[in-house]
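So the sequences go chain by chain: A and B. Residues 1 to 398 in the UniProt record's numbering are what the first sequence spells out, letter by letter. Residues 1 to 398 in the UniProt record's numbering are what the second sequence spells out, letter by letter. All residues carry an ideal CB built from backbone N, CA and C; glycine is no exception. Report on the following structure.
There are 2 protein chains.
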Amino acid sequence: MQLQKLNIILLLTAGGLGAYSDSRGMPGVRKEVADFIERRDGYPSDPELIFLTDGASKGVMQILNTIIRGESDGVLVPVPQYPLYSAAISLFGGSLVPYYLEETENWGLDVNNLRQSVAQARYKGITVKAMVIINPGNPTGQCLSESNLREILRFCYQENLALLGDEVYQQNIYQDERPFISARKVMMGMGPPISKEVQLVSFHTVSKGYWGECGQRGGYFEMTNIPPKTVDEIYKVASVSLSPNVPAQIFMGLMVNPLKPGDISYEQFIRESKGVLESLRRRARMMTDGFNSCKNVICNFTEGAMYSFPQIQLPPKAIEAAKRAGKVPDVFYCLKLLEATGISTVPGSGFGQKDGVFHLRTTILPAEEEMPEIMDSFKKFNNEFMEQYDDRSGYSRM
Amino acid sequence: MQLQKLNIILLLTAGGLGAYSDSRGMPGVRKEVADFIERRDGYPSDPELIFLTDGASKGVMQILNTIIRGESDGVLVPVPQYPLYSAAISLFGGSLVPYYLEETENWGLDVNNLRQSVAQARYKGITVKAMVIINPGNPTGQCLSESNLREILRFCYQENLALLGDEVYQQNIYQDERPFISARKVMMGMGPPISKEVQLVSFHTVSKGYWGECGQRGGYFEMTNIPPKTVDEIYKVASVSLSPNVPAQIFMGLMVNPLKPGDISYEQFIRESKGVLESLRRRARMMTDGFNSCKNVICNFTEGAMYSFPQIQLPPKAIEAAKRAGKVPDVFYCLKLLEATGISTVPGSGFGQKDGVFHLRTTILPAEEEMPEIMDSFKKFNNEFMEQYDDRSGYSRM
């Protein structure tokens, strides 16, 4: 590890960050990522199967582009989902095959839903080639349990699906009951044939965690059980745009290989990083409790990631008013919220929802000391909104 | 301009480079790019039509992806060409329509060749949608003249082609007779209908010039006469991967808005940047003269860019020896050169060539003081190689 650090220092002093790197990223940093994965999961990882990318999104796009040949190729994507997946699948001309997360089961994943989604897609002539999981979930904030991950892997094995594990929020966990566990660790633990045959690509980033360096655009993906010929093709495509940006590669190295006991700033590093995560944990709790104290709002606890995704049960009158205004109901609600309070949220329809069910997504990132005031402001708005559109109320201020 | 600088300083002090920017890049830097283009060309430029990218390659890929719907869409690409174009067109499933640059005309572009290429493509059922020019040329090093650019623009207008102007080497010019002139400047000077109707996208980068900060991955493209709906679509696609990396955006701002007379380090900046470019000019001359002093080697002068692309006239015996070794003849030559001297070059076949004509590409970037020794070493190798495979020589050391 000292050698890696030395390599980076040499790089910085001899010529700096000015040159292209290997199209897969600098070997020294890829080695650091492999060591990080091994420490995390307890199974060795091969730097040759780790590619550094300009953010995790670019990695996801590259892998989806490799998988999708045309519109008859389908990819299973959770709904609600982070819109990167719908956008990229559409850009590459493939078919999105949705599977619904169960809100009443704390956004858990029911393998029977998966089977149904695959059967429906096949009936339409779609070859389902891969499945995406986002763990912890965006926008839903759930952490997948080990038993759930086992079911998913068994399903991928049976159905011959590659598994794409979007694990960018692995450091952002706000409860102790269900710690993050990587798809790779579960897979390795299951032994052959699953550990030897399921094709898995896992994604990570410097944009989240307690560092949140999104502007750097740094990420990696790690491939397991991907045929060497495919790895070569992915390398070839990566080389078309020469190399990921070099400063973000250095960031990635620092992220996966942080300070250790005995390092000069170790105590401060632990204090600050723990401080950030503990504050996020308190904010997740404040926000969930705040939403759940509001009329017609129900919200699962944010187990991980950075989002709260409350369901807003809009009265029929509000839905009618939205229609009259030419707006999707949740967009109508979010715009009213913005106008009344200045709080900016994303309507749930941007992430996909079941018909007639409405949500909004907000981050848990506002400053902790401002959180009570924000939730009070939301509650006041929501009360007035619900009162205004209450079926029993005789008037409308619209 | 002071305001732009202030914006950047505020950005750096308030929160740093950690946040995503607008998916098109920071407004302040896009304004600086627009001002740079206006100063360069004498025509105003609109920051809303300038997108910052992770290097010029990513911008080229994004525009090609926008243009190509399927294999019946063709893009005119020069041969020899920088392989980004062939790779990206193939990745997006389109058709490359080659047009040959004329080596005996100093790699100039003959519009009659263009017409022939388009006619042949149409005969095959291909809709030719766009034309790529690389000016200054990579790997060929020529600078297009104003009259040649006018012909190209007239041709694009007549044939309804979008023009993609890869102008990443615009700062790298090594002669005074033919300074760099942008496609946009020529187009604007031609007046309507061409200036109002030809769709032009121009590319630039922080990876070349006298700075050469390739590892940062910074670039931009500027769109002219692109329909607003298309610009919106390009914006939407850019937003899928959130934003270009932020440090490289700052680099781009510094590149297009360099120090001015009166700034504290201005004299040193001029001395250093001029020093780099003058040294490159001397190296271009040494390399061209060196190649032309070699047996069976002819080489056009590197007017611009960073490359020398000599033609190697391989004797029939050498071609036969290559065949026996299972190698393409120029690859055979380049490998022998590498083994004998340690000089690493790229076989011309990687860039496309006419049948039976062989080249190699090398950069003019070796240190100036090492250049005489390198050229001597090349000459010695080449002499021995040519002697060994001379038709009149009775022996072979192979």
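Give me the residue from the options with the minimum Cα distance to residue i.
i	options	result
Asn383/A	Ala340/A, Cys143/A, Tyr220/A and Gln353/A	Ala340/A
Leu164/B	Thr224/B, Thr363/B and Phe180/B	Thr224/B
residue 418/A	Gly352/A, Ser377/A and Lys336/A	Residue 418/A cannot be examined here, being either before or after the span of chain A that is shown, 1 to 398.
Ile173/B	Lys185/B, Glu278/B, Leu242/B and Glu272/B	Glu278/B
Gly137/A	Glu167/A, Ile37/A, Ala34/A and Gly262/A	Glu167/A
Gln66/A	Gly108/A, Ile89/A and Asp46/A	Note that residue 66/A corresponds to Thr in the displayed sequence, not to Gln. With distances taken between Cα atoms, Thr66/A lies closest to Ile89/A.
Gln170/B	Leu338/B, Gly191/B, Ser349/B and Asp41/B	Asp41/B
Gly212/A	Met187/A, Val276/A, Arg281/A and Glu146/A	Val276/A
Ala238/B	Ala34/B, Phe36/B, Gly18/B and Ile63/B	Ile63/B
Ser145/B	Val132/B, Phe155/B, Arg178/B and Arg122/B	Arg178/B
Cys214/A	Ala248/A, Met190/A and Ser241/A	Ala248/A
Lys81/A	Gly356/A, Glu373/A and Phe351/A	It is Gln, not Lys, that sits at residue 81/A in the sequence shown. Nearest of Gly356/A, Glu373/A and Phe351/A to Gln81/A, Cα basis: Phe351/A.
Val240/A	Asp376/B, Pro83/B and Arg150/B	Pro83/B
Ser72/A	Ala183/A, Gly28/A, Gly125/A and Val29/A	Gly125/A
Asp355/A	Tyr307/A, Ile152/A and Ile319/A	Ile319/A
Val28/B	Met252/B, Phe92/B, Ala87/B and Tyr43/B	Looking at the sequence itself, residue 28/B is Gly, so the reference to Val does not match. Selected option, being the one with the closest Cα: Met252/B.
residue 401/B	Ala322/B, Leu76/B, Val186/B and Gln175/B	Here chain B has residues from 1 to 398 only, and residue 401/B is not among them.
Arg154/A	Ala121/A, Gly189/A and Thr127/A	Gly189/A
Tyr43/A	Ala183/A, Gln120/A and Gln142/A	Ala183/A
Thr288/B	Cys334/B, Gln353/B and Met371/B	Met371/B
Tyr157/B	Leu200/B, Pro227/B and Thr127/B	Leu200/B
Thr205/B	Glu38/B, Lys196/B and Ser57/B	Ser57/B
Asp46/B	Lys260/B, Ile226/B, Pro78/B and Thr104/B	Ile226/B
Lys129/B	Ala162/B, Arg271/B and Gln116/B	Ala162/B
Leu17/B	Lys236/B, Asn106/B, Val198/B and Ser243/B	Ser243/B
Glu103/A	Ser349/A, Gln142/A, Met26/A and Ser195/A	Gln142/A
Please confirm whether any heavy atom of the ligand FAD lies closer than 7 angstroms to the CB of residue i.
i	result
Glu387/B	With respect to small molecules bound, the structure shown includes none, and the ligand FAD cannot be examined in it.
How many whole angstroms separate the CB atoms of residue i and residue j, which I take to be in contact at a CB cut-off of 8 angstroms?
i	j	result
Met386/A	Asn296/A	5 angstroms
Pro139/A	Arg361/A	4 angstroms
Arg217/B	Asp54/A	7 angstroms
Ile298/B	Phe358/B	Their Cβ separation, rounded to whole angstroms, is 11 angstroms, which puts Ile298/B and Phe358/B out of contact at 8 angstroms.
Gly203/B	Val328/B	In the sequence under discussion, the amino acid at residue 203/B is Phe, which differs from the Gly named in the question. Their Cβ separation, rounded to whole angstroms, is 30 angstroms, which puts Phe203/B and Val328/B out of contact at 8 angstroms.
Asn148/A	Gly108/A	7 angstroms
Ile364/A	Leu280/A	6 angstroms
Gly74/B	Gly94/B	7 angstroms
Gly290/A	Phe378/A	7 angstroms
Tyr220/B	Ser273/B	Actually they do not touch by this definition, with Cβ atoms about 20 angstroms apart.
Phe309/A	Ala322/A	Their Cβ separation, rounded to whole angstroms, is 20 angstroms, which puts Phe309/A and Ala322/A out of contact at 8 angstroms.
Arg282/B	Glu368/B	6 angstroms
Leu114/A	Val79/A	Their Cβ separation, rounded to whole angstroms, is 12 angstroms, which puts Leu114/A and Val79/A out of contact at 8 angstroms.
Glu222/A	Leu49/A	6 angstroms
Residues bridged to residue i by DSSP?
i	result
Arg178/B	For Arg178/B, which the question treats as bridged, DSSP gives no partner whatsoever.
Glu320/B	Answer is none; Glu320/B lacks a bridge partner.
Thr362/A	Ser308/A
Asp330/A	Bridge partners of Asp330/A: none, in fact.
Ile173/B	Gly304/B
Pro347/B	Leu360/B
Gly165/A	Ile133/A and Ser202/A
Leu96/B	Val75/B
Val102/B	At residue 102/B the sequence reads Glu, which differs from the Val that was named. Looking at the DSSP assignment, Glu102/B forms a beta bridge with Gly108/B.
Any beta carbon of chain D sitting closer than 8 angstroms to that of residue i?
i	result
Glu213/A	You won't find chain D in this structure, because its protein chains are A and B.
Give, in chain order, every residue of the stretch 163-189 of chain A whose Cβ lies closer than 8 angstroms to some Cβ of chain B.
Within the stretch 163-189 of chain A, not one residue has a Cβ closer than 8 angstroms to any Cβ of chain B.
Only counting runs of 3 or more residues, tell me where the beta strand (DSSP E) segments fall wholly within the stretch 367-396 of chain A, in order along the chain.
none
Where in the stretch 292-318 of chain B do unbroken runs of the beta strand (DSSP E), each at least 3 residues long, occur, reported from the N-terminal end onward?
None, since the stretch 292-318 of chain B contains no complete beta strand (DSSP E) of that length.
Residues of the stretch 145-157 of chain B in Cβ contact with chain A at a cutoff of 9 angstroms, in chain order, please.
none
Report the start-end ranges of each alpha helix (DSSP H) in the stretch 187-242 of chain A that is 4 residues or longer and not cut off at the edges.
Qualifying alpha helix (DSSP H) stretches, in chain order: 194-197 and 228-240.
What are the uninterrupted segments assigned as alpha helix (DSSP H) that are 4 or more residues long and contained completely in the stretch 12-75 of chain B, given in chain order?
Look at the stretch 12-75 of chain B and you find these whole runs of alpha helix (DSSP H), each 4 residues long or longer: 27-41 and 56-67.
Members of the stretch 243-262 of chain A that neighbour chain B once the beta carbon cut-off is set at 8 angstroms:
Ser243, Pro244, Asn245, Val246, Pro247 and Ala248
Curious, which full-length alpha helix (DSSP H) runs of at least 4 residues does the stretch 113-163 of chain A contain?
146-159
If contact means a Cβ-Cβ distance below 8 angstroms, which residues of the stretch 48-62 of chain A contact chain B?
Asp54, Gly55, Ser57, Lys58 and Met61
Any C-beta of chain A within less than 7 angstroms: which residues of the stretch 67-96 of chain B qualify?
Leu84, Ala87, Ala88 and Leu91
What are the residues of the stretch 220-245 of chain B that lie near chain A, defined by any Cβ-Cβ distance shorter than 9 angstroms?
Lys236, Val237, Ser239, Val240, Ser241, Leu242, Ser243, Pro244 and Asn245
Please name the residues in the stretch 21-32 of chain B whose beta-carbon is closer than 9 angstroms to at least one beta-carbon of chain A, in chain order.
Ser21
Contact set between the stretch 100-118 of chain B and chain A, restricted to residues whose Cβ is under 8 angstroms from the partner:
none
Scan the stretch 239-285 of chain B and note each continuous alpha helix (DSSP H) run of 4 residues or more that stays entirely inside, going in chain order.
246-256
Residues of the stretch 338-369 of chain A in Cβ contact with chain B at a cutoff of 8 angstroms, in chain order, please.
none
Below 7 angstroms between beta carbons is the criterion; list the residues of the stretch 304-316 of chain B that meet it against any residue of chain A, in chain order.
Residues: none.
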